[in-house]
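One structure is given here, and the rest of the page talks about it.
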Amino acid sequence: MIEVLGVKKRYRKKQVIEDVSFTAQKGEITCLIGLNGTGKSTILKGIMGLTPFDQGTVLVDGKPIDLNRVAFVPDHSTFPIHFTIEQCEAFMRDFYPTFDPKLFARLVDEFKLFPEDKLNELSKGTLAKVNLALGIAQDPDYLLLDEPFSGIDVFSKEQIVELFSSDLMEDRGVLITTHEIEDIEYLVDKAVMLNRGRIAREFDVEDVRFIHGKSIVDVMREEYGA
Amino acid sequence: MIIQFNTRAPVYIQVVDHFKKKMALGELQAGEEMPSRRELATELKINPNTVQKAFKEMEEQQLITTERNRPSRVTTDEHVLKRIRTELVDEAIAVFVESIQELDVTMDELVDKIKRQYGEGNLNDRSTGS
Amino acid sequence: MRRILNIVALGAIIVAGIGTYAVNGEQNQDDWMLHVDSNEAVWKNRAVRLSATDMDQSGQDVEVSIEGSRFVNGSYIDEVMQYRSDIGGQDRSFARALKQLNYAQQIKTEDGYVAIGQKGQDTLVLLQSRDGNMVERTEFPNVQSIVDSGWGGMFVYDGTVHIVYNENYELTNQHVAVLDVATTTIDTKKIERDGVLIEYVMGETWGFALGDGQRTTIGKDNRYIPIQATRLETVEADDGEAYSEHMSLSGLYVYDVEENRVVSLDVEQEAIATNVFGDTYQALLADGTETNINLKTLTETSRTIIQDEVGTASYYDGLLYHVSPTEDGAKVDVYDGADLVSEATVTGKEVNPDSFQYYVY
Amino acid sequence: MNLLKLIGWELDRVKKIYGLLLGVLITIQFGWLAVFLWRNTVLNEEYRREGQSLLVVFHSYLMSTPYILSIGIGLIVMLVFSGWIWYREFWGRGTFMMRLLTLPTKRIQLFISKFITIMMMILGLIAVQWFALVIEYQIFTTWLDGQGIRQQDTFADIRQLDVFSLLYPTSFVNFIIHVMLIAFVVLTIFTFVLVERSLWQRTIFSPLVSIALIGGVLAIPSTIFYVIEQYLFMDELALILVIGFLFSVATLTIIARQYLQKKLSV
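Protein chains in written order, with the working numbering: chain A, 1 to 226; chain B, 1001 to 1130; chain C, 2001 to 2361; chain D, 3001 to 3266.
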C-alpha cells in the first residue's frame, strides 16, 4: 500500500498542502478528488519524488518508493515532443527492467496507435493513451494517474475507462486524481477528498452508497458546496 | 448485457439484483454457468473488485456455488430459486405501493386498474405462463 | 543499444583528433645532452639553456644540466617543480617581506641581505637581514621625491645604504640618497655629471628573485662602486624631430663615492662578462683577458685567460663559464681565476647547431 | 550500464545540431582559407609584375576575424548548451525531466551522463579543429608553393598563437589541465541550473539566489587567494591554487548532488 503521512508543501507564498495523510491499497482504485489547483498533482509528484515535500513522509509497501515498482502518468507527455512512439518505447525498454514489450504491443493494438507517429502529431486524447500505455507496460505494482481524462475526446475516454475494468489493472494499486468524477464513478473503490490543503474525507465508495445511499458526486457536492 | 446503474445504491447490490431477476425470469437456468468475473467487469465497465463483492454476496445468499478455480454456477436448489422470485415480486409491489399511497386511491379502484392493466399487459407480450 | 554507438563514434573522433595532437605536438627534448668531462661539482646547480635563433625551428627552449634535459617552459607542473628545486628549502622570510614591496632591489653584503622597496606613494622601506630569517624593517616616510623617481640602484658604503635615483625620471638629474637608519631620514646630494651618467649599479638584483640564493657577497665599504655607464645623445629622427636617447657605453666605469663623480677606467674593449664580489670588480674583456679592479684603491691587475676566440660567458659563484659553439653543439670551459677547472660539451642529435644560442644559468 | 545508455540517448538527441555546428565551423574556416589564398594569389600577380615578391604567413590566416569568429561560435554554443542540456528537459511544464527523475537509476547518473556528454562534445570540437588545422596547413603550403609564393612560419609555431596555445599547448599535461578548467566551468553552470531549478517554485528570484550561492562558494577560495597572494611564492601559490580548485570542485559537486537528490522540483 501507498502511505502518505503528514505531508506539507508551500509554493512561494501559498501553503498549498497544509497537512495531508491518506493511504491507497494495492489492488484497489483510489481516487484523489479536489477542485482545480488544490494540490492534487503536487501530491502525486511528491509521492514520486518529483517535487520535494517540505514535511512528511511517503512509504510504498513500508519502504521508500522503489521507482521500479511505481509508474507515474502525468496529464502531459513525459517525452520530448519530437520523439516517435517507437523511440519512447525504446527508451522505456532501456531503463525499466520490468517493461513488458508484449504488454505494450497489446495496448498499442487496443488503442490503435501507430508506433512511428511523432508525439507532436498526436491529439491530446491519443497522447494520453500513449502515456497510459507506457505507464502500464512498465508492469508496476502501483500506477499514479494525474487527471487521465481531462480535456480528451469522448472515445479516448471510453477506451481508457474500459482499461480500468480490464485484467490489465488487476491487483495493481491505482491512484487517480480528478475533479470530474462522473467518468469513473463505478470504477473507484476508495475516494479521498482534498479541501483547502487537507484531507476532508476518506471513504469506501460502496459503503457510503450502502449506508448513506450517496454517490461520490453527492458527497462532493456536500464537501465543496457546488 | 447492459445495466443502467444508479450511482446512489451500492453497485455490487445492483449486480446481485440483476442476476436475481435473470434467475427469476429463467434467463439463467439452474446449474447454468455464470460469466467470469473478468468478463463481467469489462462488460459492465465497473471495478473488478465490485464484481468480486457481488459474487461473494451471491454465494452468501446461496444463489451461486463456486468450486475451487472453476467458474461459478447458478444454484440447482429449487427453494432458493422460488424464494428469489417471491422476493423480487414482493420488492416490486413494495415499491409500487409506496409510490401509490400518496395518491390516496381506494382499494377497489386500485384492484380494478391493476386487473385491467395487468390483463392487457398479459395479452400483448407476456408469453411465459406462470 | 543502438544509441551507444553514438558514444563510440564521437569517442573515436576525440581519440583520433586529440591523439594526433598529443603525438606530434610533443617536442622530444632529450635530443640534447650535457656531458661534463671533468670536475662535475662545478656543474652541480648549473644548466645550459638553448634557444633557437632562426625561425624554422619551433621556439621551444631546452635546458640541459647534469641531471638531464627538460623544456624551459614545459608543463605547469614541471615549472613549479623546477622553481621549487631551484630555490630549495632556503629560508624565505626575507624574500617574503620583500615580495610585498614594489620595485624591490637587493644586494648581499658581508652583513647579510640588504634591500630597498617602495610602499605606497611616498614611503621607502629598508630591509636588512643577517641570515635571511630575522628581518629588520625600517620605514622612511614622506620621501615622495625619491620614491617617485627612477632608481638606478643601491650600494653600501661605510655601513650606510646609498640609492642612486633620477629625480622625476630625468637621467640628467641624478642624485644619491643616503639612508640614516637611526633618524629614519634621508639626505641627498646631486651627482656632478660630466656627460657620463649612471644607468645602473652592478651586482644588485631586481625584485625578490630568490633564484640564486648564493649570490656573491659585495663589500660594504668600497669607495668605488661599479656601474654601467650611459650617455645622453640627441638623435635626429627622420621627421626632423630631435630627441635625446641614452646609449650604454662599453668599457668599465665606477662611481667614486667620496668625490661624488663617475670615473672611467679607460678600458677600451667591451666587457663580455662582469662580476662584483667583496672589494673586486672582475670583468672578462673581448680579447680574452680578465681584469680585476680593487674597489678601494682602484688598482688594476689583468691576465689573459682565453687564447682563442671568445664566445659568450658569465660568472657564477666566482667562476667564469665560457661557451663557444662547435659543429655539433657547444663547448663550455670553466675557469677559476686563470686556471681551467672543468670542461663540458653540449651535443644535440641531427640539429644544425649554429642555429642555437647557449646561455649558462 | 545505465550511464552508457543515458549518454547514448543524450548524444542521440543532440546529433543533428552538433553535426550542423561542426559543418558551420568547418565551412567558415575553409571558406575563409579559399578567400585568403585567392586574395594572396591575386596580390602576388601584381607584386610579380612590379618585380617584387610576396611573403605570406599562415599566422595571418589564423589570426583573422573569420577564423577567430568560428572558434568563438564553437565556444559560445558549447557554453550555452551546458545550460540548455538541462533546461530543455524542463521545457513545456517539465516533461522529460519527470521521466528522467522517475527512472529507476541513481539520480547522480543523470548529472554524470549530461556532464560527460558536454565534455565529449567539447573534446570532439577540439579534435575536429585539430584535423582542420592540419588540413588547412597542408592546403595552405601546397597552394602557395604551387604559386611560388614565399612562406615563413611553420606548423609548429601555431602553438605560440594565443588561442591555439590554449587549445593545443606544447605539453600534453597542460592540455589536460586546460580541459580540467573547462570541466570546472561546465560544473559551475550545471550547479547553477540545478540550484535554480530547485528554487524556481519557491521564489521568483531563483536565478539570483543561485548565482549568489555559487558566487559565494567560489568567493571563498578566491578571496583567500587574493589576500595571501602577495606573501607567497610561485610554488606555494601553485599549491594554494590547487587546493582552492579542489575545494571549489568538491563544494560545487556536493551542492549539485544535494539539490539534484533532494530539492529539484518539476
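Here a beta-carbon is modelled for each residue, glycine too, at the ideal position from N, C-alpha and C.
Boundaries of the alpha helix (DSSP H) in which residue i is found, first to last residue
{"i": "Gln-3029 (chain D)", "result": "3002-3049"}
{"i": "Ile-160 (chain A)", "result": "154-164"}
{"i": "Phe-3245 (chain D)", "result": "3234-3258"}
{"i": "Glu-1087 (chain B)", "result": "1078-1101"}
{"i": "Arg-1038 (chain B)", "result": "1037-1044"}
{"i": "Tyr-2076 (chain C)", "result": "2076-2087"}
{"i": "Phe-3131 (chain D)", "result": "3108-3147"}
{"i": "Glu-1060 (chain B)", "result": "1048-1060"}
{"i": "Asp-109 (chain A)", "result": "101-110"}
{"i": "Gln-2144 (chain C)", "result": "2144-2147"}
{"i": "Leu-127 (chain A)", "result": "124-137"}
{"i": "Ile-2163 (chain C)", "result": "Careful: Ile-2163 (chain C) lies outside any alpha helix (DSSP H), inside the beta strand (DSSP E) at 2160-2166."}
N- and C-terminal bounds of the beta strand (DSSP E) containing residue i
{"i": "Asn-195 (chain A)", "result": "190-195"}
{"i": "Ala-2229 (chain C)", "result": "2224-2236"}
{"i": "Lys-1021 (chain B)", "result": "Segment 1011-1024 is the alpha helix (DSSP H) holding Lys-1021 (chain B); no beta strand (DSSP E) there."}
{"i": "Ile-33 (chain A)", "result": "29-33"}
{"i": "Trp-2151 (chain C)", "result": "2150-2157"}
{"i": "Arg-2303 (chain C)", "result": "2300-2304"}
{"i": "His-3059 (chain D)", "result": "Element bounds for His-3059 (chain D): not the beta strand (DSSP E) but the alpha helix (DSSP H), 3058-3062."}
Strand pairing of residue i, partner residues [DSSP]
{"i": "Arg-201 (chain A)", "result": "A:Met-193"}
{"i": "Val-2267 (chain C)", "result": "BP columns for Val-2267 (chain C) are empty, so no partner."}
{"i": "His-2246 (chain C)", "result": "C:Leu-2232"}
{"i": "Gly-2278 (chain C)", "result": "C:Ile-2218"}
{"i": "Leu-3167 (chain D)", "result": "Answer is none; Leu-3167 (chain D) lacks a bridge partner."}
{"i": "His-2035 (chain C)", "result": "C:Thr-2345"}
{"i": "Lys-8 (chain A)", "result": "A:Gln-55"}
{"i": "Thr-3203 (chain D)", "result": "Per DSSP, none; premise fails for Thr-3203 (chain D)."}
{"i": "Lys-2331 (chain C)", "result": "C:Ser-2324, C:Thr-2345"}
{"i": "Asp-2339 (chain C)", "result": "C:Asp-2336"}
{"i": "Thr-2138 (chain C)", "result": "C:Leu-2126"}
{"i": "Tyr-2255 (chain C)", "result": "C:Ile-2225, C:Val-2262"}
{"i": "Tyr-2361 (chain C)", "result": "Tyr-2361 (chain C) pairs with nothing; no bridge assigned."}
Beta-carbon separation (whole angstroms), residue i vs residue j, contact threshold 8 Å
{"i": "Trp-2043 (chain C)", "j": "Ala-2286 (chain C)", "result": "Actually they are not in contact, since the Cβ atoms of Trp-2043 (chain C) and Ala-2286 (chain C) sit about 26 Å apart, beyond 8 Å."}
{"i": "Gly-2152 (chain C)", "j": "Tyr-2169 (chain C)", "result": "Not quite, the Cβ-Cβ distance comes to about 11 Å (not below 8 Å), so this is no contact."}
{"i": "Leu-187 (chain A)", "j": "Ser-165 (chain A)", "result": "7 Å"}
{"i": "His-179 (chain A)", "j": "Gly-6 (chain A)", "result": "Not really, about 24 Å apart at Cβ, beyond 8 Å."}
{"i": "Asn-131 (chain A)", "j": "Ser-77 (chain A)", "result": "6 Å"}
{"i": "Ala-2115 (chain C)", "j": "Gln-2105 (chain C)", "result": "6 Å"}
{"i": "Pro-3221 (chain D)", "j": "Phe-3184 (chain D)", "result": "No, Pro-3221 (chain D) and Phe-3184 (chain D) are not in contact; Cβ-Cβ is about 12 Å, not under 8 Å."}
{"i": "Met-3063 (chain D)", "j": "Leu-3133 (chain D)", "result": "Incorrect: roughly 13 Å between the Cβ atoms, too far for contact."}
{"i": "Met-1034 (chain B)", "j": "Arg-1073 (chain B)", "result": "6 Å"}
{"i": "Phe-2094 (chain C)", "j": "Tyr-2113 (chain C)", "result": "5 Å"}
{"i": "Arg-2223 (chain C)", "j": "Leu-2295 (chain C)", "result": "7 Å"}
{"i": "Gln-3261 (chain D)", "j": "Arg-3107 (chain D)", "result": "6 Å"}
(request) Decide if the stretch 2300-2317 of chain C is in contact with the stretch 2270-2287 of chain C; the criterion is three or more beta carbon pairs, one per stretch, under 8 Å apart. (result) Segment contact: the stretch 2300-2317 of chain C against the stretch 2270-2287 of chain C, three or more CB-CB distances shorter than 8 Å; contact assigned.
(request) Pair every Cβ in the stretch 193-205 of chain A with every Cβ in the stretch 166-175 of chain A, then say whether three or more of these pairs are closer than 8 Å. (result) These segments do not touch.
(request) Below 7 Å between beta carbons is the criterion; list the residues of the stretch 1089-1113 of chain B that meet it against any residue of chain A, in chain order. (result) From the stretch 1089-1113 of chain B, no residue has a Cβ closer than 7 Å to chain A.
(message) Under 8 Å, CB to CB, which of the residues in the stretch 1029-1062 of chain B have a partner in chain A?
(response) Of all residues in the stretch 1029-1062 of chain B, Arg-1038, Ala-1041, Thr-1042, Leu-1044, Lys-1045, Ile-1046, Asn-1047, Pro-1048, Asn-1049, Thr-1050, Lys-1053 have a Cβ within less than 8 Å of some Cβ in chain A.
(message) Beta carbons nearer than 7 Å to chain D: which residues of the stretch 2013-2024 of chain C have them?
(response) The residues in question are Ile-2013, Ile-2014, Ala-2016, Gly-2017, Ile-2018, Thr-2020, Tyr-2021, Ala-2022.
(request) Identify each residue in the stretch 44-55 of chain A for which the Cβ-Cβ distance to at least one residue of chain D is less than 9 Å, and report them in chain order. (result) Residues passing the 9 Å Cβ filter: Lys-45, Met-48, Gly-49, Leu-50, Thr-51, Pro-52.
(message) With three or more C-beta pairs closer than 8 Å as the rule, is the stretch 3183-3201 of chain D touching the stretch 3078-3085 of chain D?
(response) Yes: the two stretches touch, three or more of their Cβ pairs being nearer than 8 Å.
(request) Check whether the stretch 208-217 of chain A touches the stretch 151-161 of chain A, counting contact only when three or more Cβ pairs, one atom from each stretch, lie closer than 8 Å. (result) As far as the Cβ criterion goes, the stretch 208-217 of chain A does not touch the stretch 151-161 of chain A, which means the pair count is below three.
(message) Closer than 8 Å is the cut-off here; do at least three beta carbon pairs connect the stretch 51-62 of chain A with the stretch 85-97 of chain A?
(response) Touching, no.
(message) For the stretch 3109-3128 of chain D, list every residue whose C-beta sits within 8 Å of some C-beta in chain C, in sequence order.
(response) Listed by position along the chain: Met-3120, Met-3121, Leu-3123, Gly-3124, Ile-3126, Ala-3127, Val-3128.
(request) Give the residues from the stretch 3092-3104 of chain D that approach chain C closer than 8 Å (Cβ to any Cβ), ordered along the chain. (result) Listed by position along the chain: nothing, the set is empty.
(message) Please identify, using Cβ separations under 7 Å, the residues of the stretch 3217-3238 of chain D that lie next to chain C, in order along the chain.
(response) Result list: Gln-3230, Tyr-3231, Phe-3233, Met-3234, Asp-3235, Ala-3238.
(request) Select from the stretch 3-35 of chain A all residues with a C-beta closer than 7 Å to any C-beta belonging to chain D, and list them in chain order. (result) Contacts with chain D (Cβ-Cβ distance below 7 Å) from the stretch 3-35 of chain A involve Tyr-11, Arg-12, listed in chain order.
(message) Please identify, using Cβ separations under 7 Å, the residues of the stretch 3055-3078 of chain D that lie next to chain C, in order along the chain.
(response) Those would be none; no residue qualifies.
(request) Say whether the stretch 3008-3018 of chain D touches the stretch 3102-3117 of chain D, bearing in mind that this needs 3 or more beta-carbon pairs closer than 8 Å, one atom from each stretch. (result) As far as the Cβ criterion goes, the stretch 3008-3018 of chain D touches the stretch 3102-3117 of chain D, which means the pair count is three or higher.
(message) Could you check whether the stretch 61-74 of chain A touches the stretch 142-157 of chain A, counting it as contact only if at least three pairs of C-beta atoms, one from each stretch, sit closer than 8 Å?
(response) Yes, the stretch 61-74 of chain A touches the stretch 142-157 of chain A.
(message) I'd like to know if the stretch 115-128 of chain A and the stretch 85-92 of chain A are in contact, where contact means that at least 3 CB-CB pairs between them fall below 8 Å.
(response) Three or more Cβ pairs drawn from the stretch 115-128 of chain A and the stretch 85-92 of chain A lie within less than 8 Å of each other, which places the two stretches in contact.
(request) Please list the residues of the stretch 3007-3039 of chain D that have a C-beta atom closer than 7 Å to any C-beta atom in chain C, keeping them in chain order. (result) Taking 7 Å as the Cβ-Cβ cut-off against chain C, the residues of the stretch 3007-3039 of chain D that qualify are Ile-3007, Gly-3008, Trp-3009, Leu-3011, Asp-3012, Lys-3015.
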